[in-house]
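In what follows, a single structure is set out as structure tokens and then discussed.
Residue numbers (this note's numbering): 176 to 451.
Have a look at this one:
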């Protein structure tokens, strides 16, 4: 059960589509997926939708006089992400199930929510030092240095069930979000009820919901590569959906629009920018 999870970067496409000066930096270590940064320069950028990804995001709202910090778990469907014009945002996206939360928070408290917290819970004088920096790379370096100290100290005790959770998550990724709880129970010799309980304790959502998010995220990546509505059926089947109608139903809920409209937006953005 100790093999590494074949983790892939979970994406928030509307952030890169609709914000100014968006940059990201892949990390893939210490439970962090990537760092990102963007600026809200226009009124039209203020209402961006978040989509389900199974991840926890830590977002620093950096103003001239102060820094406000928000932590949010995965959304359960497309949801507006209210942002403020004239602000720079620095974000940390954690790998699913890997964020070390402050002691006073449980994962269930932040699912489908954004809570304002003291950013210095993740490192002494962290927000002040982030405000002083002027680049994504420098802010990422500052955060990582502070976060690793806290990670070593441990906000939470290590849980022996993490080996089982790691196995469940790995098998979900390997199956592209198409493995039954019964099969997981057969492979691990644990009951289906126990598997659900262990996974939900770490992620705040059930394995089946997480599988739907994995299929959806895989579809977003396929659409970015293939980019043609005529290939929709092929994309649906390759991402583990029963058929195209099954895929469209999930996509409309998770992306807030039909696959066809999303593809139009994606392709228009690529034409205007030479690629995302």
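For each residue, glycine too, the CB sits at the ideal point set by N, CA and C.
Given the structure is predicted, the values throughout are model-derived calculations rather than measurements.
Closest option to residue 343, judged by alpha-carbon separation, among 310, 325 and 370: 370.
Here residue 187 carries a coil assignment [DSSP, helix/strand/coil]. Here residue 335 carries a coil assignment [DSSP, helix/strand/coil].
Here residue 255 really is in contact with residue 222; their C-beta atoms are around 5 Å apart, less than 8 Å.
Residue 231 places its beta carbon less than 8 Å from that of residue 285.
With respect to the C-alpha of residue 238, the residue from 215, 224, 228 and 263 having the closest C-alpha is 263.
When secondary structure is reduced to three states using DSSP, residue 358 falls in the helix class. Beta-carbon to beta-carbon, residue 267 and residue 318 are separated by about 6 Å, close enough to satisfy the 8 Å threshold. Note on geometry: alpha-carbon atoms of residue 315 and residue 210 lie some 6 Å from one another. Of the residues 299, 367, 281 and 252, the one whose Cα lies closest to the Cα of residue 377 is 281. The region 358 to 373 makes no contact with the region 397 to 409; the number of CB pairs closer than 8 Å stays below 3. For residue 299, the number of other beta carbons within 10 angstroms of its own is below 16, and it is reported as exposed. In the structure shown, residue 231 falls within a coil segment according to DSSP collapsed to helix, strand and coil.
An exposed status is given to residue 361, since fewer than 16 other beta-carbon atoms sit within 10 Å of its beta-carbon.
Closest in C-alpha terms to residue 248, from the list 185, 351, 324 and 320, comes 185. Taking 8 Å as the cut-off, the beta carbon of residue 311 is found no closer than this to the beta carbon of residue 435.
Following the DSSP letters along the chain, one finds residue 199 inside the beta strand (DSSP E) bounded by residues 195 to 204.
Looking from the CA of residue 273, the closest CA among 206, 391, 353 and 190 belongs to 206. For residue 402 against residue 438, the beta-carbon gap comes to about 6 Å, under 8 Å, which counts as contact.
Under the DSSP definition of a beta bridge, residue 268 partners with 209 and 232.
According to DSSP, residue 254 shares a beta bridge with 225. In this chain, the beta strand (DSSP E) harbouring residue 245 covers 242 to 247. Residue 260 and residue 428 have their C-alpha atoms spaced approximately 27 Å apart. In the DSSP annotation of this structure, the continuous segment of the beta strand (DSSP E) that includes residue 291 starts and ends at 289 to 292. In this structure, the beta-carbon distance from residue 195 to residue 216 falls below 8 Å.
Between residue 348 and residue 389 the beta-carbon gap is near 7 Å, inside 8 Å, which marks them as a contact.
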